[in-house]
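One structure is given here, and the rest of the page talks about it.
Chains as they are written, first to last, in this note's numbering: chain A, 72 to 330; chain B, 9 to 323; chain C, 117 to 359; chain D, -5 to 293.
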């Protein structure tokens, strides 16, 4: 499998809101089979970049391609149809649906039983539901969440809710997975579980991008790290390279005249 | 999985018991009660239409008489002008309700919350006026009388009762099934997290239009049932106040979609005016107080429960 | 010297999940600057909001020797606890001057005018634009306005939430220089939440590290001059796993 | 009849009288918008409560309840309106901070109660309520201007002017604008959100009473008169963007003129349908109102 062609690329992405430049012409390449980290202080533009990649924002300049085909102009729902899926900074599970049902939504786009079977007891609808539930149960079991399948999201600790979100994102076998602060609000053991799951995912042919503030997590699981500050990349490289980079240290610790 | 299926089975049994009781009622109570209960079933469907919009769309409508009027006049006009029975007019009512629900949803697709509520309010205000001024087809103030039987030979009073019951059970069952469907689940997600639904392939405009279409369709079925079970269709049944009463019924049933819940709402909408008919001025006061009472109860209930639980725990 | 602020077992929960702030205890002496450091979601902002009374919390908070647990935000402002929130939260449609009036809402007209003059002296950048709508200010000016608005209330304790967020380094330095001036002149105590460690360390006397809603480390100002303590701080940000 | 004659005899008088009623719609709309702006609640009880107070003026001055002088009756009615506003806000204030939609539905409940109380006290009959308005008329360029017109205009200008001065130049006005735009910032600054909300509710009630009393001379007073009048005010608020005070002024006048033209030239029977059309159009073309600010605020 050629990794370079199966990459999510952004060329010269520039975005501004009301004259404020949020992203200043970014070139990125997120490769399949790797975990890419995206770090930087608050307000650096990480979530904005995500929103451009998923189509929620439309950048003023630049183009985004996946596996060589352009995604420009496609709305989020259409990009989802191409297998580009994201999680959210704030848990976005539906509180009225059980955990299994929340995960089932992740595969919903692959099914097409009509409106009649939505309201009437027809076999097409029943079969569709069984198939979706089976797919959801498989993923939940993989993540060790089989026991929680019938609970409501609100009955779970935040860490498990995060995992459910990830389950929903991967159940449809995405080609690109963008995770926005998956470890926010997790305790140490939950974070370790999450890291295991992410490493497992990375072994498949998946473009996996993680925005995260927890440096322990980023430094230990990422293959490559992009460091963003004020809408520009300050550094790109392996965890060791980034950790040793003077600019990165300065961004996080601030510049100081006394030094 | 089994746990949830058991829940569903249990709840379906819980709703079959009241259905069985209701089916036996005409043999116990008098004719006037049978008639009132028929109306009650019809209004329950209307309450269901409003609650559906709340539950699946997160929106409030103060204008659902627009859809009930649509269904009622579809039945009334086909019956009195063309002698067509319910077999043909109910599907037409449904079709009209869904299409006008969609037609209304499209221009208002970007409106939410209070703004949408205000738009539906305008819709409700326009209804009586339209009915009165289209009197060549609607019969104006006098209205229409629905008399063509559904099943020839069966006593009309019983037909009016059982059709209402059957429609209510069918609609409630269909809505209960919808909750399990792919479309139902995505609508629920789109309600709470539209961006997340977007990211999984459900556009929010689609969600809005689907919800309005379904709710409009249910509203029209309410109207159709109202026309047949109530035997007359006149503008008095579709006033602005009636639209508010439907919302009151929905609030009183805590926006529930189950058969029992919507029956409570429907009974409230139907029976209160009947019981207070001697002193008409008390009707709005009573509705107002009930509406406030239920809202405040909904607000304070969790706190009351917590206090009670604490007291019990301490004892 | 008695403590100005005393926080005991402060806990903040949103919904049913794990608490955002998990029984935190710390104190702030009069005129001291205490910084809270930690990653996103560590519970820093929630701690600040609970201290100033805009979100409900359990545990006890004493201020100037008397309990303020359960007081609404406006009573805490009257007592001298003022929060300068993250993201500035100025009122864009109001003019700069009107925003300052808002800050001194509970003061008498004369006292408010005097405090406003003081603030406008301190921040000449915004004094020039006093009658402009606040949304037309630049990011740095908005931050100065937010701090200035807090100062009009004549606080004894200022809760500063990420004042450097989204500001260019030069502006950050300017804002912190002003804070140092204020501190020297008015014996103002500050609780500071910051990501910019270098400027934080120039200002603060004590540092608490937060993680998962708990205080996991504590350093005094003297200890921070030490090289190993600095390395600890760096690790807190960039992670120790790769080291 | 020539084109100019049409203008002179039909169009100009229609526009003039539309503007006069429009001023009253604006008074009603201002009340709705004040409440919505700061607490995000649409007050559906506005029309019915204003109607009840108009009836109170009638009842207190005509001998049905008491035989007070006209001025005393108005003052008592205004006090009642303020008391009702206090009561309503006191009951819904815990809801306001939880869900704007729930509290909006709650105001429907108060509207129903106000209507019921009006029916209980005064019955469903139509009554005539006379205001001591100077009765004279003169003509300017062929336009008939009456004492009523000038009274409405004067009261509207004074009331709206006073309101705008309070909101633009006083400390309370700053608090009101701050809470409308950023309640969190206002709370952080130590403001009491509830007391500012209450200011809006009380002001709205007073504006409602003034509007209701002034619309009565053009029609009779019945249970539905004022509620119907408030619906036009509603449309005016919607056209103004529902969150802009100058917007509702413009919206009121626009609605007054458009409704007049529509009933005269098209059809008086479809006025509610026409209102629906206007509301739909306004919400979709100008979702933020006709006075949408160009450039917008930050972020």
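Ideal Cβ positions, reconstructed from N, Cα and C, are used throughout, including at glycine.
- Per DSSP, the unbroken beta strand (DSSP E) holding residue 132(A) starts and ends at 132 to 137.
- In this structure, residue 145(C) lies near residue 119(C), with their beta-carbon atoms less than 7 angstroms apart.
- Residue environment: residue 149(B) is assigned as exposed (fewer than 16 neighbouring CB atoms within 10 Å of its CB, all protein chains considered).
- Nothing from the stretch 168 to 201 of chain D brings a Cβ to less than 7 angstroms from some Cβ of chain B.
- Residue environment for residue 267(A): exposed (fewer than 16 other C-beta atoms within 10 angstroms of its C-beta).
- Taking 7 angstroms as the CB threshold, residue 172(A) lines the interface with chain B.
- Per DSSP, the unbroken alpha helix (DSSP H) holding residue 143(B) starts and ends at 143 to 146.
- In the three-state scheme derived from DSSP, where H, G and I count as helix and E and B as strand, residue 259(A) is classed as helix.
- Going by DSSP, residue 95(A) is part of the beta strand (DSSP E) stretching over 91 to 101.
- Per the DSSP secondary-structure output, residue 299(A) pairs in a beta bridge with 304(A).
- Within the stretch 234 to 288 of chain B, no run of beta strand (DSSP E) at least 3 residues long lies entirely inside it.
- For residue 152(B), no chain A residue has a C-beta closer than 7 angstroms to its own C-beta; the minimum C-beta separation is roughly 29 angstroms.
- Residue 147(A) carries a helical assignment under DSSP once its states are collapsed to helix, strand and coil.
- Taking a beta-carbon distance threshold of 7 angstroms, residue 120(B) does not count as an interface residue toward chain A.
- The C-beta of residue 194(B) comes closer than 7 angstroms to at least one C-beta of chain A.
- For residue 182(A), a Cβ of chain B is located within less than 7 angstroms of the residue's own Cβ.
- Taking a contact to require three or more Cβ pairs closer than 8 angstroms, the stretch 46 to 57 of chain B and the stretch 243 to 263 of chain B qualify as touching.
- Nearest CB-CB separation between residue 109(D) and chain B: below the 7 angstroms threshold.
- Per the coordinates, the alpha-carbon of residue 243(A) lies some 5 angstroms from the alpha-carbon of residue 177(A).
- Around the beta-carbon of residue 200(A), 16 or more other beta-carbon atoms lie within 10 Å, marking it buried.
- In the same chain as residue 222(C), and ignoring 5 residues on each side of it, the C-beta atoms closer than 6 angstroms to its own belong to 194, in chain order.
- Neighbours of residue 206(C) across chain D, judged by C-beta separation under 7 angstroms: 179.
- For the stretch 157 to 169 of chain A, the beta-carbon criterion of a distance under 8 angstroms to any beta-carbon of chain B is satisfied by 157, 159, 163, 164, 165, 166, 167, 168, 169.
- Not flagged as an interface residue toward chain D: residue 81(B), since no C-beta distance is shorter than 7 angstroms.
- Residue-level contact by beta carbon holds for residue 176(A) and chain B, with a gap shorter than 7 angstroms.
- Runs of the beta strand (DSSP E) lying entirely within the stretch 146 to 218 of chain D, each at least 3 residues long, are absent.
- Distance from the CA atom of residue 248(B) to the CA atom of residue 195(B), rounded to whole angstroms, is 29 angstroms.
- Straight-line spacing of the CA atoms in residue 200(B) and residue 168(B) works out to 40 angstroms.
- With its beta carbon less than 7 angstroms from one in chain D, residue 189(C) belongs to the interface.
- Checking the DSSP bridge columns, you'll see residue 81(A) partnered with 99(A), 135(A).
- For residue 175(C), none of the residues of chain A pass the 9 angstroms Cβ criterion, the least Cβ distance being about 20 angstroms.
- Closer than 7 angstroms to the CB of residue 121(A) there is not a single CB belonging to chain B.
- Between the stretch 254 to 272 of chain D and the stretch 34 to 43 of chain D, the count of Cβ pairs shorter than 8 angstroms is below three; the stretches do not touch.
- Using a CB distance below 7 angstroms, the part of the stretch 102 to 116 of chain A facing chain C consists of 112, 113, 114, ordered along the chain.
- In the three-state reduction of the DSSP assignment, residue 125(C) falls in the strand class.
- Boundaries of the alpha helix (DSSP H) harbouring residue 19(D): 6 to 33, taken from the DSSP string.
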